[in-house]
Structure formats: C-alpha cells, structure tokens
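Under my numbering, think of the first position of the sequence shown as 1, with each following residue one higher. For reference, the structure discussed in these notes is given below.
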Amino acid sequence: MAECLELPRVRSDSSSSSTSQSTTGRLMLRQRLSQLLTCVEDLSSDEETNEEVSRTLDEAFNLCGRWTNKEFLRLHMVTWNVATAEPPRDVTSLLRLDSQTATDLYVIGLQEVSATPVRYISDLIVEDSWSHLLMDTLAPKGYVKVTSVRMQGLLILLFAKQAHVPYIRNVQTTYTRTGIYGFWGNKGGVSIRFSFYGHMLCFLNCHLAAHMNYALQRVDEFEYILDTQDFDVNNTPNVLDHKVVFWFGDLNFRIADHGMHFLRSSIEGGRFNLLWTKDQLTVMKKKEPLLQEFEEGPLQFKPTYKFDRNSDTYDSSGKKRKPAWTDRILWRIRPKTDDDEGSSRTSLLVDDDEEYPLKVAQDVYTSNMEYGISDHKPVIGIFTLEMRKKFERPLVTVEAEGLWSADENVLVSYTIQEAFPASTYDWIGLYKTDFKSPHDYVAFTWAKDYEVPVNDLVKVCMKGDDLPLLSGHYILGYYSTNMQSIVGLSRTFQIQESKQAVLEGLVPENINGLDK
1 MAECLELPRV RSDSSSSSTS QSTTGRLMLR QRLSQLLTCV EDLSSDEETN
51 EEVSRTLDEA FNLCGRWTNK EFLRLHMVTW NVATAEPPRD VTSLLRLDSQ
101 TATDLYVIGL QEVSATPVRY ISDLIVEDSW SHLLMDTLAP KGYVKVTSVR
151 MQGLLILLFA KQAHVPYIRN VQTTYTRTGI YGFWGNKGGV SIRFSFYGHM
201 LCFLNCHLAA HMNYALQRVD EFEYILDTQD FDVNNTPNVL DHKVVFWFGD
251 LNFRIADHGM HFLRSSIEGG RFNLLWTKDQ LTVMKKKEPL LQEFEEGPLQ
301 FKPTYKFDRN SDTYDSSGKK RKPAWTDRIL WRIRPKTDDD EGSSRTSLLV
351 DDDEEYPLKV AQDVYTSNME YGISDHKPVI GIFTLEMRKK FERPLVTVEA
401 EGLWSADENV LVSYTIQEAF PASTYDWIGL YKTDFKSPHD YVAFTWAKDY
451 EVPVNDLVKV CMKGDDLPLL SGHYILGYYS TNMQSIVGLS RTFQIQESKQ
501 AVLEGLVPEN INGLDK
C-alpha cells in the first residue's frame with residue numbers, strides 16, 4: 001500500500017527556461033550529405049563541378065529539411081452573435097460533426113451571450129449554458145476544452161482533440177473593453193494565445209461599434225484593442241507578434257449606399273459580388289495598411305444580419321435594417337521584415353519562419369442558415385494548417401503504477417522530459433477518458449513541490465478514498481499552472497471495482513461465477 005503524506009503547499013515557481021528541441025534527424029542528414037560530397041570529390045577533380053554539385057545538394061537538403069514531417073491539421077472556427085438567446089438543443093451541423101474529415105481544433109467566438117447581472121455572476125461560478133452545451137457535445141467525440149475567456153457578452157472557447165492537448169502550451173487569455181469610452185464590456189475583444197506544436201497562434205474575437213456611420217470608429221476600436229492587449233510571453237508579447245492571428249466576430253461593418261430593393265434582389269439572386277464594392281470592411285482594407293495585412297475568403301454566402309428570429313426573412317420590423325456581412329473571419333500571417341534594426345528577436349522570428357513554416361488555407365467560408373434563435377446567422381470558417389511540428393513529445397510522461405482500486409492508496413509516476421517553468425501548484429488529475437476540460441477531474445494529487453531534474457522518475461501518491469468505487473477506464477494528466485495547460489497525458493488504464501462498492505450494493509457480489 002502506498003502511504004500518502006499531506007504536505008503544506010508553498011508557492012515557489014521555477015524560472016527554468018525551455019530548452020531547444022532535438023535536431024538529431026537534421027544532423028544525420030548533414031552527415032550523409034558530407035559523405036556524399038566526399039564521394040563526389042573523389043570522382044571529379046573539377047572544382048567548378050564540385051561547387052555546383054555542392055550548391056545543388058545543399059539547396060535540395062534545405063528544401064527537404066524544411067518540409068520534413070509536414071502535418072495537415074484542420075481548424076474549425078465559428079462566430080455567432082447569439083443576441084442573448086439560450087443555445088439550441090443540437091449544434092451538430094454548426095460543428096460539422098458528421099464530416100468524414102476530423103477536426104483538430106475548434107475555436108468558437110460568441111457575442112451577446114446573456115449577461116444580465118444575476119446571470120453573469122452565476123456564470124462566473126458555474127459555466128454558462130453555451131459552454132456547457134459545447135463541452136457536452138464535443139467531449140464524447142474526444143475533444144477537450146483547453147481554455148476560454150469571457151467579458152460580459154463576449155466569449156471565446158478553444159477545444160482540441162485529446163491527442164493534441166499536451167502540445168498546446170503557454171496558454172494565455174486577455175480582454176479589452178471599448179464600450180462607453182472603454183469602461184463597459186458590451187463591446188471590445190477577447191483573445192486566446194497559445195503555442196501549438198511550437199507555432200504561436202492568437203485568436204481575437206471582437207464585437208465592434210454598431211450602425212452604418214461608424215466604420216472608421218470600428219477600425220479605431222480594432223487598433224485600440226491590438227495596442228492594449230499584451231501577453232507575458234517573451235517572443236510574442238503582442239497580438240501581431242504571433243505567427244498567425246485570426247480576427248473574427250461581429251465586426252459590424254455594413255453595406256453602404258445601396259438601397260434596400262437592390263440589396264435584397266442581389267441577395268435573392270445570389271449576385272453577392274454586386275455588393276462587395278460597397279462592403280465597408282472591403283472599402284476600409286483598401287485605405288488602412290493594417291487591414292491590408294489580413295486575408296479573408298470571398299463572401300459567397302448571404303449577409304448574416306439582420307433576420308427575423310426563427311426565420312430566413314430579413315428584418316421586417318419598422319426599422320427594416322439593411323442586410324450586412326457583419327460577422328466575419330479574417331487571418332494574418334506575420335509578414336517578413338527587412339528592417340530588423342539589429343533586433344535579434346526579429347531575426348530569430350524570421351529564421352524560425354524559414355525553418356518551421358506554417359501555411360494557412362481556407363477550405364470553407366460560409367454561414368449556417370438553419371439556426372434561427374438570433375437575428376444573426378452563425379458564420380463558419382474551416383482551415384487547413386500546414387506545418388512542420390517543432391516537437392513531438394510531451395513535456396511530461398505520466399503513468400499509473402500497478403493495479404488501481406479505491407481499496408488502497410495508489411502511486412502515480414511521472415518524468416520531466418524537458419525543462420519548463422514548474423510551479424508548486426502543478427498537479428496530476430485523474431480523468432475519465434471523455435473528460436471535458438483540465439478541471440473536469442475525478443481526483444487529483446499535487447506534483448512534487450521542488451524542481452525535479454529532467455529524466456528523473458518521480459512517484460507521488462493518490463489516496464484510495466478519492467478514487468471511484470466502480471470499475472472504469474481513466475487517464476492521468478499533468479497540469480502546468482504556469483503554462484495553463486495539460487502538458488502530459490498517460491495511456492488509458494482501468495480502475496478495478498472496490499470491495500467497498502460490493503459492500504454498498506453498487507455491484508453484485510460474485511462468488512464462484514455466480515451473482516450472490
């Protein structure tokens with residue numbers, strides 16, 4: 001039986017920095033190239049030929065090294081102004097769960113989630129109804145809510161396939177208010193940034209100023225959000241420092257000048273291109289250098305605002321607001337810069353982009369017309385992220401030692417694979433195999449409260465009293481408080497039925513193959 005000792009937990013964060021990943025494969029390629037060049041030199045005494053062969057092989061090597069182990073990962077994004085409505089019962093089509101191509105990441109941005117004072121306070125204590133629905137829908141499919149952040153009615157959530165979770169690191173969130181001169185959070189932006197297999201991504205969900213005449217104010221608000229949001233990360237302290245930024249939400253840009261009849265006839269006839277030149281965001285992109293850095297797919301779907309609720313009919317009220325593409329998804333790949341001004345950080349970023357390129361291709365950009373709970377229709381963007389992973393092993397390996405049951409204390413073993421900023425508040429959670437989020441654990445135990453050397457095997461105890469009484473399949477996860485993410489998951493293992501479960505009549509007692 002493992003003996004568990006209660007120790008006082010005192011905060012003492014380590015400042016160890018992450019070491020660089022192994023380049024063994026690259027070194028082997030260089031060795032083979034060197035051997036090949038030696039053979040060429042033996043075969044030819046012509047220096048010009050040798051130089052040409054050397055240059056050609058070196059270029060080939062660089063191209064090979066640059067695209068070794070390419071991965072194609074699928075990102076599914078949603079933006080939806082839900083107009084304080086409760087979520088629908090089924091979001092299968094919104095998330096395209098019936099698709100034969102599995103999604104790797106879901107990023108969902110909502111605006112105008114119900115935020116009355118009583119409701120908002122209760123949602124701070126218990127997850128809001130939208131988050132509950134999304135977690136309940138995605139968890140059985142193998143997705144984990146990595147993080148989320150809410151500012152009044154603005155909400156952004158990040159879900160990842162369970163296998164990717166240990167490779168999502170340095171998760172940070174922030175928000176910016178722009179409503180009522182920056183004092184109210186009904187408008188503004190909420191963002192999530194993280195490292196995904198070493199690539200720095202940032203997602204910014206915005207709800208900008210409304211009404212036709214405020215196009216310039218919307219751009220000013222966007223720039224203000226970018227200026228005020230920062231992160232405690234050395235190489236990406238600002239939103240635009242990230243390798244890829246996705247900007248989405250209810251951006252509230254309207255279609256100017258056209259009359260209602262022309263708008264509606266163009267929409268009904270599917271002649272959306274007739275409206276593009278008067279779309280305010282398209283117009284502002286031609287004027288604003290910052291906006292020109294962002295890409296957007298063609299608007300080949302109906303404007304998503306404003307509809308009568310529970311219908312596909314545009315606003316029939318007395319206001320008769322003009323239809324508009326208010327709900328948008330754009331992205332920006334960090335541009336290369338020639339003006340590094342001696343900045344080593346800029347130089348490193350450029351080198352990193354060349355060594356580990358990341359390409360973004362949009363596969364789908366559309367709306368989903370079947371949902372009628374809001375006066376907005378949700379917009380879906382599906383992307384392929386083509387990347388070369390910077391690492392393929394977790395920071396921590398975790399395992400369950402021996403047989404587990406609630407009849408006695410058990411042991412968890414873990415090994416730090418690579419140095420990272422540990423905390424005395426790191427912990428190891430016991431999860432069901434379809435767990436919803438890092439905090440959806442059945443039981444937990446603290447990791448060691450001192451800095452553990454790399455590659456040392458460490459064992460900690462988990463109390464039998466905290467374990468489930470009935471048999472089931474579970475996994476262990478090491479949660480890093482500083483990285484705000486699970487950095488290691490164990491293999492699935494089984495917890496045995498406990499004697500206590502039999503005594504309490506939770507399971508039939510089995511004697512000689514017969515139920516007693």
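The beta-carbon is built from N, C-alpha and C at its ideal position, and this holds for glycine as well.
Can you tell me where the beta strand (DSSP E) with D250 in it begins and where it stops? 244-250
Report the residue ranges of all beta strand (DSSP E) runs contained in full by the region 409-492; include only those spanning at least 3 residues, in chain order. 410-416, 427-432, 443-446, 457-462, 472-480, 485-489
Check whether the region 421-429 touches the region 445-455, taking contact to mean three or more Cβ pairs, one atom from each stretch, closer than 8 Å. yes
Counterpart residues of K145 in DSSP-defined beta bridges: F159
Residue of F194, L275, K320 minimising C-alpha distance to Q300: L275
Using a Cβ-Cβ cutoff of less than 8 Å, which residues in the same chain neighbour T492 once the five nearest sequence positions on both sides are dropped? T433, H473, Y474, I475
Let's test the definition: count the other Cβ atoms within 10 Å of the Cβ of M462 and tell me whether it reaches 16, buried, or not, exposed. buried
Pull up the distance between the alpha-carbon of L469 and that of E497, whole angstroms please. 6 Å
Just tell me which of L204, P289, H376, G249 has its CA closest to the CA of D312. H376
Reduced DSSP secondary structure (H/G/I, E/B, other) of T137: helix
Can you list, in chain order, the residues of its chain with a C-beta nearer than 6 Å to that of R328? Leave out the 5 residues immediately preceding and following it. L251
Would you mind reading off the limits of the alpha helix (DSSP H) that contains R264? 260-268
Going by DSSP in three states, R74 sits in which element: helix, strand or coil? strand
Thinking C-alpha only, which one of T282, T481, G464 is nearest K499? G464
Run of the alpha helix (DSSP H) containing T92, from where it starts to where it stops: 92-95
Would you call F196 buried or exposed, if buried means 16 or more other Cβ atoms sit within 10 Å of its Cβ? buried
Quick check on K319: does DSSP put it in helix, strand or coil? coil
Excluding the 5 residues preceding and the 5 following T228 in the sequence, name in chain order all residues of the same chain whose CB lies nearer than 6 Å to its CB. T176
For L290, the nearest candidate out of P335, A139, D407, D128 (CA to CA): P335
State the start and end residues of the unbroken beta strand (DSSP E) segment that holds F518. Nothing in the structure corresponds to residue 518, since the chain is present only between 1 and 516.
Hey, could you find the ends of the beta strand (DSSP E) V283 is sitting in? No beta strand (DSSP E) contains V283, which is instead part of the alpha helix (DSSP H) from 280-287.
Report yes if the C-beta distance between L158 and V107 is below 8 Å; otherwise report no. yes
In whole angstroms, what is the alpha-carbon distance linking F222 and G249? 11 Å
In the structure shown, what three-state DSSP assignment does N310 receive? coil
Would you list the residues sitting across from N205 in a DSSP beta bridge? V190, F248
V364 and I382: beta carbons closer than 8 Å? yes
Comparing alpha-carbon positions, which option in L385, Y371, W331 lies nearest D308? Y371
Let me know if T79 comes out buried or exposed under the rule of 16 or more other beta-carbons within 10 Å of its beta-carbon. buried
L385 beta carbon less than 8 Å from that of L73: yes
S367 (DSSP reduced to helix, strand or coil): strand
Buried or exposed for N81, going by 16 or more other Cβ atoms inside 10 Å? buried
Quick one: residues in its chain with C-beta nearer than 8 Å to the C-beta of I255, no 5 flanking neighbours on either side, listed in chain order? L263, L275, K278, D279, Q280, P303, K322, P323, A324, W325
Taking the alpha-carbon of F435 as reference, which of Q111, P87, T137, D90 has the nearest alpha-carbon? T137
When we look at the beta-carbon of M260 and count the other beta-carbons within 10 Å, is it buried (16 or more) or exposed? exposed
What do you reckon, are the CB atoms on G109 and N205 nearer than 8 Å? yes
Cα-Cα separation between I486 and Q111, rounded to whole angstroms: 28 Å
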